[in-house]
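Peer 1:
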Amino acid sequence: MSRFDSIVVDGHVVFPGYGPVRCDLGITDGKIAAITDRIASADAAEVVDAKGLLVAPGSVDCHTHLGIYRPLAPDARSETASSLAGGVTTLLSYFRSGQHYMNKTGSYKTIYPEVLALTKGNSYVDYGYHIAPMDSSQVKEIEWLVSEGVTTLKYFMFYKGLNLSASSTDGKALTMSDSYDLGHLYSIMEETQRVSQQYGEGSRIAVSVHCEDDELIRWFIDKVKREGLQGLEAYSKARPPLSERVSIHKAAAVAAATKVGLNLLHLSSADALAAALEVKNLYPDADIRLEVTLHHLGLTYQQLEGKGLGGKVNPPLRTPQDTAALWEGVRKGQVDWIGSDHACTMSSLKGDELWAAACGFGGTGLMYPFMISEGYHKRGIPLSRIVELVSTNPARAHSCYPRKGHIAIGADADLALIDLDLTKKVTAGALHSHQDHSPFEGVELKGWPVRTLLRGQTAFAGDTIVGEPRGLYIKRPV
Ligand SMILES: [Zn+2]
């Protein structure tokens with residue numbers, strides 16, 4: 274009998290903090306069982322040749338939206354296939370009751386088991402969910418949600434007051450709440466903090482916040498509409514960086530007061546990053562972590578001018594000055610992790626009317642290719658740091674570590690085998706997503722996964738998805 278189920282040989286393995294190092298990996302029962310100089314082929318039932326390849330821990334894409342615009346089961350199936358193409362092996366997806374997603378409201382004790390049942394058997398990668406408590410009765414379910422493996426709760430600053438606005442009827446449909454305000458955020462954070470005390474050190478239970486200020490946005494949208502501006506530049510001006518700044522300060526003040534972990538999601542602008550660094554200084558004892566997305570690093574509204582509304586997203590795409598500032602934050606270690614904010618949004622939902630167009634687009638299939646190309650090749654960010662940004666740090670922050678997020682004895686053998694020299698232009702088709710367009714279309718990237726292993730088994734090779742979906746639910750904290 275072989276010593277290992279499989280071995281990955283002759284590759285250069287990159288670990289969080291150091292590497293790449295030339296070594297072989299032994300895998301047994303889906304876990305890393307040996308990291309050593311040489312393992313003989315005779316010791317394994319299957320040999321994976323990684324000669325000339327980088328062997329990185331599978332990415333943990335902790336910001337995605339499965340099932341937001343399409344039925345959850347097929348969306349999970351197509352979009353997690355895209356994850357594999359990007360070297361992603363763990364996906365954490367946001368879910369809330371109300372309009373979009375399953376168009377349901379009520380108790381998560383009823384809805385969440387339905388969410389899990391629809392995802393089961395349809396995910397090509399291991400998965401978990403973040404949940405947004407939309408009203409006070411759902412806040413009371415936080416303790417139960419955490420016991421079911423949901424260690425991150427979500428709040429949307431820009432939904433605040435939507436119900437109260439006479440001119441807006443869609444607010445109620447989105448939140449299905451009567452009092453979606455700062456008081457509601459306080460109650461979520463207070464309850465999250467209380468529940469988190471029942472869990473040990475290393476079990477981080479936190480609140481993720483989408484920071485854009487509702488009142489400022491409403492005023493700026495009216496202004497931009499009055500001026501008759503169109504296109505993605507108008508959209509950025511309608512939801513300006515100032516709205517992120519104000520919102521970040523409010524969310525951080527409440528998080529510091531309630532002593533709860535805070536994730537500041539998708540910082541899009543120089544000003545948002547500056548505000549996030551300010552609140553970390555203001556509240557040095559608070560656990561505040563910073564997320565930036567691929568598209569806020571890689572795309573600007575200028576770049577997509579005249580190319581339709583595929584790049585409409587919240588917060589909006591900004592300017593080259595903003596992308597430069599965000600890269601500087603990544604380079605200096607100020608940004609904790611990179612997410613894709615993947616939301617499969619068909620071009621039929623975009624149309625050509627700015628305000629009616631759906632928000633969001635896919636990106637999970639670009640996690641490693643984009644970060645290796647733009648971070649490592651173009652900007653000299655070390656591979657070990659790239660691994661921290663797309664795998665280790667999100668795993669730690671979302672209580673998936675040490676099972677996910679690194680290559681170590683006992684960890685799941687989730688691996689991305691990457692050809693650092695492979696150059697390809699992004700096309701919608703090559704991303705294996707159902708989405709029929711990509712704002713990254715035509716961008717040339719260098720450094721693509723050529724094989725992705727989920728718990729020791731090849732799930733993507735060459736340019737093909739291998740086998741059936743075998744992703745498992747990750748009950749966090751692991
Ligand atoms: Zn999102």
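Take any residue in the sequence shown, count from 1 to its spot, add 273: that is its number in this note's numbering. Ideal Cβ positions, reconstructed from N, Cα and C, are used throughout, including at glycine.
Pick out the complete alpha helix (DSSP H) segments inside the stretch 462 to 522, 4 residues or longer, and give them in chain order.
Peer 2: Entirely contained in the stretch 462 to 522, the alpha helix (DSSP H) runs reaching 4 residues are, in chain order, 487 to 499, 504 to 511.
Peer 1: Can you tell me whether Glu661 is buried or exposed, with buried defined as 16 or more other CB within 10 angstroms of its CB?
Peer 2: Counted from its first residue, the sequence shown places residue 661 at position 388. Burial call: buried.
Peer 1: For His483, which residues in the same chain have their Cβ closer than 7 Å to its Cβ, ignoring the five residues on either side in sequence?
Peer 2: Taking the sequence shown and counting its residues from 1, one reaches residue 483 at position 210. Cβ neighbours of His483 beyond the five flanking positions: Phe429, Met430, Phe431, Leu538.
Peer 1: Which two residues bound the contiguous beta strand (DSSP E) that contains Ala405?
Peer 2: Mapped onto the sequence shown, residue 405 falls at position 132. Segment 399 to 405, the beta strand (DSSP E) holding Ala405.
Peer 1: Which residues in the same chain have their Cβ closer than 7 Å to the Cβ of Asn554, if we skip the five residues on either side of it in sequence?
Peer 2: Residue mapping note: residue 554 aligns to position 281 of the sequence shown, counting from 1. Around Asn554: no qualifying Cβ.
Peer 1: Taking the alpha carbon of Arg467 as the point to measure from, which residue in Ser542, Val412, Leu327, Lys605 has its own alpha carbon closest?
Peer 2: Start at 1 with the first residue of the sequence shown, and residue 467 comes out as number 194. It is Val412.
Peer 1: Identify every residue that forms a DSSP beta bridge with Ile280.
Peer 2: Within the sequence shown, residue 280 is the residue found at index 7, counting from 1. Answer is Gly299, Val320.
Peer 1: Should Thr442 be labelled buried (16 or more other beta-carbon atoms within 10 Å of its own) or exposed?
Peer 2: Mapped onto the sequence shown, residue 442 falls at position 169. With a pLDDT of only 47 at Thr442, under 50, the local geometry of the prediction cannot be trusted, and the value read off the model is given with reservation. So Thr442 counts as exposed.
Peer 1: Spatial neighbours of Ala701 within its chain, please: C-beta separation below 7 Å, excluding the five flanking residues on both sides.
Peer 2: For the purposes of this step, residue 701 is taken as the residue at position 428 of the sequence shown. Contacts found: Gln708, Asp709, His710, Ser711, Glu714.
Peer 1: Quick one, which of Pro514, Leu327, Gly584 has its alpha-carbon nearest Asp297's?
Peer 2: What you label residue 297 is simply residue 24 of the sequence shown in a count that begins at 1. Out of Pro514, Leu327, Gly584, Leu327 has the C-alpha closest to the C-alpha of Asp297.
Peer 1: Taking the continuous alpha helix (DSSP H) assigned at Thr759, which residues delimit it?
Peer 2: Residue numbering for the chain in the displayed model covers 274 to 751; residue 759 lies beyond these limits and cannot be assessed.
Peer 1: According to DSSP, what are the bridge partners of Ala689?
Peer 2: What you label residue 689 is simply residue 416 of the sequence shown in a count that begins at 1. DSSP lists Ala329, Thr725 as partners of Ala689.
Peer 1: From what residue to what residue does the beta strand (DSSP E) around Trp610 run?
Peer 2: Along the sequence shown, one-based indexing puts residue 610 at 337. From DSSP, the beta strand (DSSP E) with Trp610 extends over 610 to 612.
Peer 1: Mind checking whether Gly678 and Pro293 have CB atoms under 8 Å apart?
Peer 2: In the sequence shown, residue 678 corresponds to position 405, counting from 1. In the sequence shown, residue 293 corresponds to position 20, counting from 1. No, the pair does not count as a contact, with Cβ atoms beyond the cut-off.
Peer 1: Since Gly581 and Leu590 are thought to touch, with beta carbons under 8 Å apart, how far apart are those beta carbons, to the nearest angstrom?
Peer 2: By one-based count along the sequence shown, residue 581 stands at place 308. By one-based count along the sequence shown, residue 590 stands at place 317. Their Cβ separation, rounded to whole angstroms, is 13 Å, which puts Gly581 and Leu590 out of contact at 8 Å.
Peer 1: Report all residues from its chain with a CB closer than 6 Å to the CB of Asp270; omit the five preceding and five following residues, and keep chain order.
Peer 2: The structure shown has nothing for residue 270, since the chain only spans 274 to 751.
Peer 1: Under the three-state reduction of DSSP, which class applies to Ala313: helix, strand or coil?
Peer 2: By 1-based counting over the sequence shown, the position of residue 313 is 40. Ala313 falls in the coil class under three-state DSSP.
Peer 1: Check this for me: beta carbons of Glu464 and Ile415, under 8 Å apart or not?
Peer 2: Start at 1 with the first residue of the sequence shown, and residue 464 comes out as number 191. Start at 1 with the first residue of the sequence shown, and residue 415 comes out as number 142. For Glu464 and Ile415, yes; Cβs fall inside 8 Å.
Peer 1: Below 8 Å, can you find three or more Cβ-Cβ pairs linking the stretch 520 to 535 to the stretch 569 to 576?
Peer 2: In short, these stretches do not touch, since the Cβ pair count stays below three.
Peer 1: Under 6 Å Cβ to Cβ from Gly359, same chain only, skipping five residues before and after it: list those, please.
Peer 2: For the purposes of this step, residue 359 is taken as residue 86 along the sequence shown, with counting starting at 1. So the qualifying residues of the chain are Thr637, Gly638, Leu639, Met640, Tyr641.
Peer 1: Ala597 to Val361, Cα distance in whole Å?
Peer 2: Along the sequence shown, read from residue 1 onward, the residue named residue 597 stands at position 324. Along the sequence shown, read from residue 1 onward, the residue named residue 361 stands at position 88. About 25 Å.
Peer 1: So Val699 packs on Ile654, CB below 8 Å; how close in whole Å?
Peer 2: In the sequence shown, the residue the question calls residue 699 occupies position 426. In the sequence shown, the residue the question calls residue 654 occupies position 381. Incorrect: roughly 20 Å between the Cβ atoms, too far for contact.
Peer 1: Please report the straight-line C-alpha distance between Trp492 and Ile738, rounded to a whole angstrom.
Peer 2: Position 219 of the sequence shown, counting from 1, holds the residue named residue 492. Position 465 of the sequence shown, counting from 1, holds the residue named residue 738. Spanning the two alpha carbons is a distance of roughly 47 Å.
Peer 1: Checking the sheet assignment: what are the DSSP bridge partners for Thr363?
Peer 2: Numbered from its first residue, the sequence shown carries residue 363 at position 90. Thr363 is bridged to Val333, Asp399.
Peer 1: Looking at the strands, I want to know which residues DSSP matches up with Tyr762.
Peer 2: Residue 762 lies beyond the residue range present for the chain, which begins at 274 and ends at 751; the question has no answer from this structure.
Peer 1: How about Ala316 and Phe368: are their beta carbons less than 8 Å apart?
Peer 2: Position 43 of the sequence shown holds residue 316. Position 95 of the sequence shown holds residue 368. Checking the sequence, you will find Asp at residue 316 rather than Ala. For Asp316 and Phe368, no; Cβs fall outside 8 Å.
Peer 1: Short check: CB of Leu727 to CB of Asp399, under 8 Å?
Peer 2: Residue numbering aside, residue 727 sits at position 454 when the sequence shown is read from its first letter. Residue numbering aside, residue 399 sits at position 126 when the sequence shown is read from its first letter. Yes, these two residues count as a Cβ contact at 8 Å.
Peer 1: Starting from Phe288, follow its DSSP beta bridges and name the residues at the other end.
Peer 2: Within the sequence shown, residue 288 is the residue found at index 15, counting from 1. In the DSSP output, where bridge partners are listed per residue, Phe288 has Tyr291.
Peer 1: Using the rule of at least 16 other Cβ atoms within 10 Å of the residue's Cβ for burial, across every protein chain shown, is Pro557 buried or exposed?
Peer 2: In the sequence shown, residue 557 corresponds to position 284, counting from 1. Exposed: under 16 other Cβ atoms inside 10 Å.
Peer 1: Measuring CA to CA, which of Pro722, Pro667, Glu564 is closest to Ala752?
Peer 2: Any property of residue 752 remains undetermined from this structure, which presents the chain solely from 274 to 751.
Peer 1: First and last residue of the beta strand (DSSP E) that includes Phe733?
Peer 2: Your numbering for residue 733 matches position 460 in the sequence shown. Segment 730 to 734, the beta strand (DSSP E) holding Phe733.
Peer 1: What three-state label does DSSP hand Thr442 in the structure shown?
Peer 2: The residue given as residue 442 occupies position 169 in the sequence shown. Below a pLDDT of 50, predicted positions are generally treated as unreliable, and Thr442, at 47, falls in that range; the measurement from the model is reported next regardless. In this structure, Thr442 counts as coil in the three-state DSSP scheme.
Peer 1: Please name the residue or residues paired with Phe713 in a DSSP beta bridge.
Peer 2: In the sequence shown, the residue the question calls residue 713 occupies position 440. Phe713 is not bridged to any residue.
Peer 1: Any chance the CB of Tyr459 is under 7 Å from a heavy atom of ligand 1?
Peer 2: As a working note, residue 459 is residue 186 in the sequence shown. Tyr459 Cβ: outside cutoff for every heavy atom of ligand 1.
Peer 1: Would DSSP call Glu564 helix, strand or coil?
Peer 2: Looking up residue 564 in the sequence shown gives position 291. The answer is strand: DSSP assigns Glu564 an E or B state.
Peer 1: So, does the stretch 606 to 619 touch the stretch 684 to 695, judging by three or more C-beta pairs under 8 Å?
Peer 2: In short, these stretches do not touch, since the Cβ pair count stays below three.
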